[in-house]
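Per my numbering, the very first residue in the sequence shown carries number 443; after that it's consecutive.
Heads up, the beta-carbon is just placed ideally off N, CA and C, and yes, glycines get one too.
Worksheet: one structure, shown below.
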Amino acid sequence: MKGTNLGEFEELVLLAVAAMQEEAYSLAITEEINKITKRNITFGVVHSALDRLEKKGFLKSEMGGATKARGGRRKRIFSISPVGKEALLKAKDQRDQLWEMIPDFVFNQS
């Protein structure tokens, strides 16, 4: 599998998909990331990241049912794959290890 390391933005997208579950489609993911990070990420950037993550095997997708609210169009719903879960857990473990290495006084200074 190509590209097993996650960049910061890819990690955010994977985390959003894992958290949102059945509501993890491109527009909703974009809105959630913007809300949490206070950024102004565009739909296209998220869509590209979703495609890239699916090609790497971190995500799976399937077409949801057509809705009247979307004019009969279907949503592409994303879910995290076992490989994606493993990548997120690895990233979290690495960050936790680094945080634990920081002496308490570093953040207790004025």
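Among the options, nearest to residue i - alpha-carbon criterion
| i | options | result |
| --- | --- | --- |
| MET505 | ILE519, PHE485 and VAL459 | ILE519 |
Span of the beta strand (DSSP E) around residue i
| i | result |
| --- | --- |
| ILE522 | 516 to 522 |
8 Å Cβ shell around residue i - same chain, five flanking residues per side excluded
| i | result |
| --- | --- |
| LEU456 | LEU448, LEU495, PHE500, LEU501, ILE522, GLY526, ALA529 and LEU530 |
Proximity of residue i and residue j at Cβ, strictly below 9 Å
| i | j | result |
| --- | --- | --- |
| THR479 | LEU454 | yes |
| VAL488 | SER503 | no |
Span of the alpha helix (DSSP H) around residue i
| i | result |
| --- | --- |
| GLU465 | Taken as a continuous stretch (DSSP letters only), GLU465 belongs to no alpha helix (DSSP H), as it is neither H nor E. |
| GLY486 | 485 to 498 |
Burial state of residue i, where buried means 16 or more other Cβ atoms lie within 10 Å
| i | result |
| --- | --- |
| GLU450 | exposed |
| LYS477 | exposed |
| ALA491 | buried |
| GLU452 | buried |
Other residues of its chain near residue i: CB distance less than 6 Å, five sequence neighbours each side excluded
| i | result |
| --- | --- |
| GLU474 | ALA458 |
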